[in-house]
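*Asks:*
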Amino acid sequence: MRPTTDTYRHQGLRKKLVDTLRAKGISDESVLQAIAEVPRHFFLDSAFDEIAYEDRAFPIGQGQTISHPYTVAYQTQLLGASRFDKVLEVGTGSAYQATVLAKMGALVYTIERQKALFDSNRGFLWLQEQPGIKYFYGDGFAGLPTYAPFDKILITAAAPSVPDRLIEQLRPGGWMVVPVGEGDVQQMKKITRLVQGGIAEEIFDSFSFVPMLSGKKAD
Ligand code: SAH
Numbered sequence: 021m022r023p024t025t026d027t028y029r030h031q032g033l034r035k036k037l038v039d040t041l042r043a044k045g046i047s048d049e050s051v052l053q054a055i056a057e058v059p060r061h062f063f064l065d066s067a068f069d070e071i072a073y074e075d076r077a078f079p080i081g082q083g084q085t086i087s088h089p090y091t092v093a094y095q096t097q098l099l100g101a102s103r104f105d106k107v108l109e110v111g112t113g114s115a116y117q118a119t120v121l122a123k124m125g126a127l128v129y130t131i132e133r134q135k136a137l138f139d140s141n142r143g144f145l146w147l148q149e150q151p152g153i154k155y156f157y158g159d160g161f162a163g164l165p166t167y168a169p170f171d172k173i174l175i176t177a178a179a180p181s182v183p184d185r186l187i188e189q190l191r192p193g194g195w196m197v198v199p200v201g202e203g204d205v206q207q208m209k210k211i212t213r214l215v216q217g218g219i220a221e222e223i224f225d226s227f228s229f230v231p232m233l234s235g236k237k238a239d
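Residue 21 is where the sequence shown starts when you use our numbering, and the numbers rise one by one after that.
What follows is the structure, given as structure tokens:
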């Protein structure tokens with residue numbers, strides 16, 4: 021069962037988490053503010069209530085994990101989501117990352133290939149009250165061409181290579197943040213779709229994500 025009360029204790033733990041993230045190098049105040057506001061323990065089983073604000077990944081079912089808060093903050097900072105940015109997120113998982121982006125004022129289109137995780141978010145009442153998030157059950161490699169172009173795309177699973185079909189769904193001048201690599205470790209990349217055509221690639225730190233898998237999973 022997911023918890024739905026946000027106590028002063030939780031809020032205090034979140035403040036400490038924000039201090040930890042700041043100490044680790046996250047400097048974008050709008051990202052830190054969103055992390056301070058979104059109750060991460062709502063996105064986890066109540067068994068994790070006491071430890072939800074440690075900088076750790078936790079299981080969310082179906083063999084998947086909610087990313088470390090540092091990873092969420094790092095990707096969100098690189099994405100630089102601004103108010104009213106139209107953002108595609110691949111890998112809804114617990115929907116924590118999507119909620120952080122929505123808190124920053126982005127219009128989030130998030131896609132999950134596992135039906136069980138998708139359904140669990142749709143049944144999560146607290147999330148239904150959060151404006152700015154649209155959920156889709158589908159394969160993130162295909163993206164959401166009907167809703168394209170997006171200002172920004174965030175991939176929260178390890179892509180074997182930069183997914184071409186998603187580049188096409190970026191507006192010219194827009195960018196994608198994606199961990200790329202087939203082994204246990206991936207390089208965080210920022211891929212900009214240039215206005216004059218072509219792409220520019222920047223490489224950042226190494227991370228370890230669950231793999232991005234193709235096709236839909238029905239249970
Ligand atoms: N952003 C999530 C954590 C991501 S874990 C959060 O905030 O909790 C990676 C997620 O990507 C998992 O839920 C996994 O099922 C999903 N995923 C993997 N491959 C995918 C694909 N091709 N399309 C959509 N989602 C995918």
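The beta carbon of each residue, even a glycine, is placed where N, CA and C say it ideally should be.
Note that the structure is a prediction, hence the values are computed from the model and not measured.
1. Is DSSP giving Val230 helix, strand or coil here?
2. Measuring from the CB of Ser226, is there a heavy atom of ligand 3 at a distance below 7 Å?
3. Using the Cβ count rule (16 or more neighbours within 10 Å means buried), how would you classify Ser226?
4. Determine, using beta carbons only, whether Gln82 and Gln134 come nearer to each other than 8 Å.
5. Taking the alpha-carbon positions, what's the Tyr116 to Arg213 distance?
6. Which term fits Gln189, buried or exposed, when burial requires 16 or more other beta carbons within 10 angstroms of its beta carbon?
7. In chain order, what are the residue ranges of uninterrupted beta strand (DSSP E) at least 3 long that sit wholly in the segment 63–146?
8. Kindly indicate if chain B contains any beta-carbon less than 8 Å away from that of Leu164.
9. Taking the alpha carbon of Pro180 as the point to measure from, which residue in Met208, Lys236, Gly158, Pro169 has its own alpha carbon closest?
10. The beta strand (DSSP E) with Tyr155 in it runs from where to where?
11. Beta strand (DSSP E) containing Leu174: first to last residue?
12. Looking at Leu164 and Pro89, is the spacing between their C-beta atoms short of 8 Å?
*Replies:* Concretely, from the data shown:
1. Residue state for Val230 is assigned as coil, using DSSP reduced to three classes.
2. Here the bound small molecules are ligand 1; ligand 3 is not part of this structure.
3. By the neighbour-count rule (16 or more Cβ atoms within 10 Å), Ser226 is not buried but exposed.
4. Pairing Gln82 with Gln134 gives a Cβ-Cβ distance under 8 Å.
5. The alpha-carbon of Tyr116 is positioned some 27 Å away from that of Arg213.
6. Residue environment analysis places Gln189 among the buried positions, since at least 16 neighbouring C-beta atoms fall within 10 angstroms of its C-beta.
7. Runs of the beta strand (DSSP E) inside the segment 63–146: 78–81, 84–86, 106–110, 127–132.
8. Any reference to chain B falls outside this structure, which holds one protein chain only.
9. Cα-wise, what sits closest to Pro180 is Met208.
10. Looking at the DSSP string, the run of the beta strand (DSSP E) that includes Tyr155 is 153–157.
11. First-last of the beta strand (DSSP E) with Leu174: 170–175.
12. It is not a contact, given that the beta carbons lie outside the stated cut-off.
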